[in-house]
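In my numbering, the protein residues as written are 52 to 320.
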């Protein structure tokens, strides 16, 4: 098993399942004896509920949530506050020492505004790894919300899949995308152990991978391409060891880099 750091992205729906949170952190507790672990989380359902309670309109454009700056205090409070601390508390209950963070802490991640038509929505890129590596060296578990900031201090809402990918890139880490599904299923509802670009296209054309799962698979493939290593889609109730040993979940494999035909080294390949 690799000893590279492991970044685990979880969706906001995990917060509604206390048993699943406990199972996940118990599994993480075991795997941290072998390698460093970082959690990155979103919180879409919590944000949607809060917006409704406050009577605020949540508009989507091109599939992205438009985020006016005057809504960011509420979104920041939900993600970096409530969601983050619920996860930290669940970690503590299993004997783990968590450190609750956001993307803007320690200059880990640089964020830029995606497009003003979406409001305070940003895109992340790797910053400096020293702070996060220092936290990991203290044997703490970083739990990072997907709230970022521009260099001018404007708070930004960042897609959690993108945030997790950039944290994995920062640490040269493996990435797991965990949710309430065991992986990608074929037409007979049987788990598909591995997918590449060609097989994904075939399943999409056949109407097997569609809607929310297509979004999830596309995000995983983009992450795999960015990281140049496989990314696994799996369930947060599964054992992390089982996921890493490929006994559950679906591995999304990036394209194999092609070797240039112009190699003039004269050596046999």
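The C-beta atom is built at its ideal place from N, Cα and C for all residues, glycine as well.
This structure is a prediction, so every number in the text was calculated from the model and none was measured.
### Exposure of residue 143, with buried meaning 16 or more beta-carbon neighbours within 10 Å
exposed
### Message
Considering just the uninterrupted stretch of the beta strand (DSSP E) at residue 277, what are its terminal residues?
### Response
Here residue 277 belongs to no beta strand (DSSP E); instead the alpha helix (DSSP H) covers 262-278.
#### Entry: Length of the line joining the Cα atoms of residue 250 and residue 105
44 Å
### Task
Return helix, strand or coil for residue 163, following the three-state DSSP convention.
strand
### residue 92 versus residue 236 - alpha carbon distance
24 Å
### Stretch-stretch touch, CB-based, cutoff 8 Å, three pairs: the stretch 224-238 with the stretch 276-284
yes
#### Entry: Short Cβ contact (9 Å threshold) for residue 194 with residue 209
no
### Task
Would you list, in sequence order, the uninterrupted beta strand (DSSP E) runs of no fewer than 3 residues that lie entirely inside the stretch 145-222?
149-153, 160-164, 172-177, 192-196, 198-200 and 206-209
### DSSP state of residue 239 mapped onto helix, strand, coil
coil
### Query
Leaving out five residues before and five after residue 102 in sequence, what residues of the same chain have Cβ atoms less than 6 Å from its Cβ?
Once the five neighbours on either side are set aside, the close Cβ partners of residue 102 are 109.
### Query
Start and end of the alpha helix (DSSP H) containing residue 100?
95-104
### Message
Rounded to whole angstroms, what is the Cα-Cα separation between residue 293 and residue 154?
### Response
29 Å
#### Entry: Candidates 99, 94, 115 and 147, of which the one nearest residue 73 by Cα
147
### Task
Would you tell me roughly how many angstroms separate the C-alpha atoms of residue 163 and residue 211, rounded to the nearest one?
15 Å
### Message
Restricting to runs no shorter than 4 residues, where is the alpha helix (DSSP H) found entirely within the stretch 65-142?
### Response
69-82, 95-104 and 123-127
### Task
Measure the alpha-carbon distance for residue 246 versus residue 55 and round it to whole angstroms.
23 Å
### Task
Indicate the three-state DSSP secondary structure (helix, strand or coil) for residue 256 in the structure shown.
helix
#### Entry: Length of the line joining the Cα atoms of residue 244 and residue 180
Straight-line measurement puts the Cα of residue 180 at about 32 Å from the Cα of residue 244.
### Cα-Cα separation between residue 183 and residue 257, rounded to whole angstroms
43 Å
### Message
Rounded to whole angstroms, what is the Cα-Cα separation between residue 169 and residue 65?
### Response
26 Å
### Task
Following the continuous beta strand (DSSP E) through residue 230, name the residue where it begins and the one where it ends.
225-230 is the span of the beta strand (DSSP E), which, as asked, contains residue 230.
### Query
How is the beta strand (DSSP E) around residue 286 delimited, first residue to last?
282-286
### Message
On the DSSP bridge list, what partners appear for residue 303?
### Response
246 and 282
### Query
For residue 60, which option in 89, 76 and 67 has the closest C-alpha, if you only look at C-alpha atoms?
89
### Message
To the nearest angstrom, how far is the alpha carbon of residue 13 from that of residue 290?
### Response
Residue 13 lies beyond the range of the chain shown here (52 to 320); nothing can be said about it.
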